[in-house]
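Q:
Protein chains in written order, with my numbering: chain U, 70 to 865; chain H, 43 to 107.
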């Protein structure tokens, strides 16, 4: 086939190419967007970035619920008599063209007063005239140009979180004070005593300078550094010696000693070291805090479920109802491609429901009138009616979220490497301080207090505390560039320790939308093929649809006869040729050996020809990944699907890889739990809502996603599906990162020992502390950054 | 009063002035989105050029309509 790509979205134009204005488009939607843009002088869109668009989805009737004022009000951020402001999340925002066209929305509709894109978050803030433009029309306008906002149950009643900017403020305060204190303590670095006459004016203002430094240090200790003091206090109360204990000890020692020094005129104090220390520590914290604002790691079913559904009133009228307001006994209308929000009973004669995201079953499930249907499935056969059995919160799927795994996240019990080292470190420092103080008490009591504080000051583990944030923060960024998005630095530490990896099958090991189809049997003639394609064309069955798109193009012929028999298959006639497509018994094949496989059989003129076998297509590099992983850890597959693929998986994966099928979401969770009870560190890799429990329970849950912008369940990390085969190298890199941290601990110990020599012998001058502390911090930061970059470059 | 007090007062006042400016800029949300403005900034120039050319195009098309 020719490789013409769409002028609008860049996708290859398949068999339905449209030529318009001497440009090619892949579908009508893209053409329409192009028309809209060129009619409104917005064709600059295509100059900015080639083929930047995304084709619009069908939206008919989908947003009717936005006309219900109660729902619209909850989504709108602010409104008065004239205008309204709304913040919408648009996952398709991806380039500068998107920003440009979305910020020029008022050219498309003058009632849009202002629109502003936040690119990292993929949100747009629109101010519009609500007297002339309804929210529904606004959303439809966005959808028509290919920027469909993502509205979900989560948007309802969600309190707008105030942004936490306190770290930036603290960093600002510390940096400001650090700079000024350095500047003010500069005269002290010269030995004034030696040349008193020449520098007389400096000694005269000495006390003024020192008290000014004291004033600068106050907000640094009590505002910027308060987290360390609080954390140390909490740790002590919980009888835990975390890394913040020696830091807090150092801060207190620095501050009291310095204040005493200037109060009794012993010396200039250590205010420069104090402010510098806190500034560097906060800088580490800031660096560690790499967040992917366009991703959410906390999603539950709420962000997957729709806001509203169409309720059918007894009289036959339609009404839009909030999902939360649906009661038992209500009748709902679910349109094509819509999500079933509650458990219920099917009223319409038949339908197909795609449960792949919820249960892991790969094939759509046929349902007939009277069958029970569960929430979470996607309805893919026209519009259906259903009666509600249970409200949202009590449905089969949402019950999973009441499990304890979602309420107390495992992280609470996890102690980072730094904290574990911190414990021993504190003990060592305290014993050195006591021993040396005792020694000085016996030899020269006046020096004892001086030595005691000096030990605490110099042993303050600044470099130690910076090693982990800078190593892991940098690796987090490196992973992010390689499409592996982790929630926080703790996730890397967890990843490094994993000794058991569990994979989901559907959507994780297999590609979510692509199926491999193979034909087995007698080769079909051209005529038969043409008849087959044309028969499939007429059918709405999901298997027919997918088979139709795979098979090559044929001329359209008129069928003389066409019949679709529910649950069995299709039969058609044209030019004296007869064809039957469907189940084995329907086409006249006796034996039914294909249990658990998805197969479409074909017979022409009452003779059996063969069958199309649908198979899941596995991700590239999967066998390789499993081979590498099984060398260093236990690997298992946990699938919600049937055993149809068991044999094939066994041949693809290393021998004796445990495979479990027909696993319910709770069973997956329990499985992970039972492994953890055996002391295993479990990594769960999944993609759907059915893995959500296991993802939450495991030490590290990684959600695999083909499009990181769309929904993925709560997890510790999101991995782009194209990087699936690199998973083992990411684990290796995090193990290396832990080794880097340990090496930098060694470095900082060396500095500490050098500093302790000055402290214990009672010769610690402020200038030594002022040199040693930044030097150790900067060299550790430099080492970790260089080392992680080296590790990162070795990643593909 | 010695000149050093005056100088220090001035220097600290200037420093505090900038510090307050920093706090205000953070509070107003300037650092919340550090990417989009950099792209947005580049649009203006091109936009003017584009408007000129497309207007010309528009007048060419209109009579035929």
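Every residue gets a Cβ at the ideal spot worked out from N, C-alpha and C, and that includes glycine.
Say whether chain H places a C-beta atom closer than 8 Å to the C-beta of residue 183 of chain U.
A: By the rule that beta-carbons nearer than 8 Å mark a contact, residue 183 of chain U does not touch chain H.
Q: Residues of chain U with CB closer than 7 Å to the CB of residue 85 of chain H, please, in chain order.
A: 169
Q: Let me make sure I understand the geometry here. Which of U:468, U:579, U:204 has the alpha-carbon closest to that of residue 689 of chain U?
A: For residue 689 of chain U, the nearest C-alpha among the options comes from U:579.
Q: Since residue 809 of chain U contacts residue 856 of chain U with CB under 8 Å, what's their CB separation in whole angstroms?
A: 5 Å
Q: Residue 766 of chain U: buried (16+ other C-beta within 10 angstroms of its C-beta) or exposed?
A: Around the C-beta of residue 766 of chain U, 16 or more other C-beta atoms lie within 10 Å, and the residue is accordingly described as buried.
Q: What beta strand (DSSP E) runs, 3 residues minimum, are completely inside the region 429-471 of chain U?
A: Contiguous beta strand (DSSP E) elements confined to the region 429-471 of chain U occur at 434-437, 453-457, taking only those with 3 or more residues.
Q: Near residue 161 of chain U, what residues of its chain come up, given a Cβ to Cβ distance below 6 Å and the 5 sequence neighbours on each side ignored?
A: 123, 216
Q: On the criterion of 16 or more Cβ atoms from any shown chain inside 10 Å, does residue 183 of chain U qualify as buried, or is it exposed?
A: exposed
Q: Spatial neighbours of residue 51 of chain H within its chain, please: C-beta separation below 6 Å, excluding the five flanking residues on both sides.
A: Short of 6 Å from the beta carbon of residue 51 of chain H, and not among the five residues preceding or following it, lies no beta carbon of its own chain.
Q: Assign residue 421 of chain U to one of three DSSP states: helix, strand, or coil.
A: strand
Q: Using only CA atoms, which one of U:146, U:219, U:91, U:199 lies nearest to residue 152 of chain U?
A: U:199
Q: Leaving out the 5 sequence neighbours to the left and right, which residues in its chain are closer than 7 Å to residue 460 of chain U when beta-carbon positions are compared?
A: 395, 396, 397, 411
Q: Taking 8 Å as the cut-off, does the region 593-606 of chain U touch the region 632-648 of chain U (at least 3 CB pairs, one atom from each stretch)?
A: yes
Q: Do residue 76 of chain U and residue 93 of chain U count as a contact pair if the criterion is CB distance below 8 Å?
A: yes
Q: Once the 5 residues before and after residue 547 of chain U are set aside, which same chain residues still bring their CB inside 6 Å of it?
A: 861
Q: Less than 7 Å between C-beta atoms, sequence neighbours within five positions excluded: which residues of the same chain meet that for residue 382 of chain U?
A: Only residues of its own chain outside the window of five on either side were considered, and among them 388 have a CB closer than 7 Å to the CB of residue 382 of chain U, listed in chain order.
Q: Please state the DSSP three-state secondary structure of residue 553 of chain U.
A: strand
Q: Quick check on DSSP: helix, strand or coil for residue 479 of chain U?
A: Its pLDDT being 49, under 50, residue 479 of chain U is placed unreliably in this model, and the coordinates cannot settle the point.
Q: Could you tell me whether the Cβ atoms of residue 415 of chain U and residue 439 of chain U are closer together than 8 Å?
A: yes
Q: Looking at the C-beta of residue 52 of chain H, does it have a partner C-beta in chain U at a distance below 8 Å?
A: no
Q: Hey, could you find the ends of the beta strand (DSSP E) residue 377 of chain U is sitting in?
A: 377-381
Q: Looking at the C-beta of residue 656 of chain U, does it have a partner C-beta in chain H at a distance below 8 Å?
A: no
Q: Report buried or exposed for residue 788 of chain U, applying the criterion of at least 16 other Cβ atoms within 10 angstroms of its Cβ.
A: buried
Q: Can you pull the chain U neighbours of residue 64 of chain H, defined as C-beta to C-beta under 7 Å?
A: 241
Q: I'd like the span of the beta strand (DSSP E) that includes residue 391 of chain U, first residue to last.
A: Residue 391 of chain U -> beta strand (DSSP E) spans 387-391.
Q: Taking the straight line between their C-alpha atoms, what separation do you get for residue 286 of chain U and residue 707 of chain U?
A: 57 Å
Q: Using the C-alpha atoms, what's the distance from residue 240 of chain U back to residue 59 of chain H?
A: 17 Å
Q: In chain order, what are the residue ranges of uninterrupted alpha helix (DSSP H) at least 4 long that sit wholly in the region 643-710 of chain U?
A: 653-656, 691-701
Q: Counting only beta-carbon atoms, is residue 59 of chain H nearer than 8 Å to chain U?
A: no
Q: Quick one: using the 10 Å Cβ neighbour count with 16 as the cut-off for buried, is residue 853 of chain U buried or exposed?
A: buried
Q: Along the region 66-80 of chain H, what residues have a CB closer than 7 Å to any CB found in chain U?
A: 68, 73, 74, 75, 77, 78
Q: I'd like to check one pair, residue 196 of chain U with residue 159 of chain U: are the Cβ atoms closer than 8 Å?
A: no
Q: Which residues of chain H have a Cβ atom closer than 7 Å to the Cβ of residue 189 of chain U, listed in chain order?
A: 75, 77
Q: Taking residue 603 of chain U as the query, report the chain H residues whose CB atoms sit under 8 Å from its CB, ordered along the chain.
A: Within 8 Å Cβ-Cβ: nothing; residue 603 of chain U doesn't reach chain H, min ~42 Å.
Q: So with CB distances below 7 Å, who are the chain H contacts of residue 24 of chain U?
A: Because chain U is modelled from 70 through 865, residue 24 of chain U falls outside the range shown and cannot be assessed.
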